[in-house]
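Colleague: Heads up: the sequence shown begins at 605 in the numbering used here, then just goes up one per residue.
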Amino acid sequence: MSLHLVPVRFRDARAFVSMWHRHNKPPVGMVFALGVADEDGVLRGVATVGRPVARMWDNGQTLEVTRTCTDGTRNANSLLYGAAWRAAKALGYTRLITYTQAEESGASLRAAGWRIVAERAPRRGWDCPSRPRTANGTEQMPRTLWEAAA
C-alpha cells in the first residue's frame, strides 16, 4: 500500500482519534495536525501536535505529539512521527517530544529516528484539590519520554 501525507483539520483529527485510539480521548487543542492517506485518498492515520502537557517543557521552543492514531495500516505511524518533526522544525521549533505507555514498544518512534530521553514512573493522575479532574484510565501507568532526533 502506498501512503502519502495529507492536511487534516482539527475536527477531522479529533473524529479519527475518537474512532480509532486505543486508550485516549481526542486532544482538546493543537498547534497543527497531519494525516496519512492511501493511494485512494482514504485517511489511514492522524497525528496532533500541540504545546507540551507538562508545564516544565512549555518553553516556546518545544512541541509535543499529543496523539498519533492509525487504523492499523503498516508504517503509517512512523510516517506521521517523521512528518511531525519535519513540520515542527519548519515552523521554527527546536524540540519535539512524545510519551508512550509501558506496554507500547516504540517501534514506530525508533523507525522515525526518535530516541528515549527518560523512563517515567507511574503518576497518581491529574486530580488535585485546586483542579479536580476525572480519571481517564491512563493513571498508574509507567511512561517513556521520547524526543525527535535533532
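The beta carbon of each residue, even a glycine, is placed where N, CA and C say it ideally should be.
How big is the Cα-Cα spacing for Ser682 and Leu713?
Modeller: Here the question's residue 682 lines up with position 78 in the sequence shown. Here the question's residue 713 lines up with position 109 in the sequence shown. Going by the C-alpha atoms only, they are around 6 Å apart.
Colleague: By DSSP, does Ala722 sit in helix, in strand, or in coil?
Modeller: Along the sequence shown, read from residue 1 onward, the residue named residue 722 stands at position 118. In the structure shown, Ala722 sits in a strand (DSSP, three-state: E or B).
Colleague: Pick from Met623, Lys629, Ser622, Arg655: whose alpha carbon is nearest that of Phe636?
Modeller: Position 32 of the sequence shown, counted from the start, is the residue given in the question as residue 636. Taking only the C-alpha atoms, the option nearest Phe636 is Arg655.
Colleague: Which residue or residues does DSSP assign as beta-bridge partners of Leu735?
Modeller: For this step, residue 735 is matched to residue 131 along the sequence shown. Position check: residue 735 holds Arg in this sequence, whereas Leu was assumed. Paired residues: Cys732.
Colleague: Going by C-alpha to C-alpha distance, which of Gly676, Arg735, Ser709 sits closest to Leu749?
Modeller: Counting from one through the sequence shown, the residue named residue 749 turns up at place 145. Of the listed residues, the one whose Cα sits closest to Leu749 is Ser709.
Colleague: Along the beta strand (DSSP E) that carries Ala651, what are the first and last residues, could you check?
Modeller: Your numbering for residue 651 matches position 47 in the sequence shown. Residues 647-654.
Colleague: Could you pull the DSSP bridge partners for Thr674 from this structure?
Modeller: Residue numbering aside, residue 674 sits at position 70 when the sequence shown is read from its first letter. Gly649, per the DSSP bridge assignment.
Colleague: According to the neighbour-count rule (16 or more other Cβ atoms, all chains shown, within 10 Å of its Cβ), is Ile701 buried or exposed?
Modeller: Along the sequence shown, read from residue 1 onward, the residue named residue 701 stands at position 97. By the neighbour-count rule (16 or more Cβ atoms within 10 Å), Ile701 is buried.
Colleague: Excluding five sequence neighbours on each side, which residues of the same chain lie with their C-beta closer than 7 Å to the C-beta of Gln665?
Modeller: Residue numbering aside, residue 665 sits at position 61 when the sequence shown is read from its first letter. Tyr697, Thr698, Arg699.
Colleague: In its own chain, which residues sit with a C-beta less than 7 Å from the C-beta of Ala753, not counting the 5 before and 5 after it?
Modeller: For this step, residue 753 is matched to residue 149 along the sequence shown. Cβ neighbours of Ala753 beyond the five flanking positions: Gly717, Trp718, Arg719.
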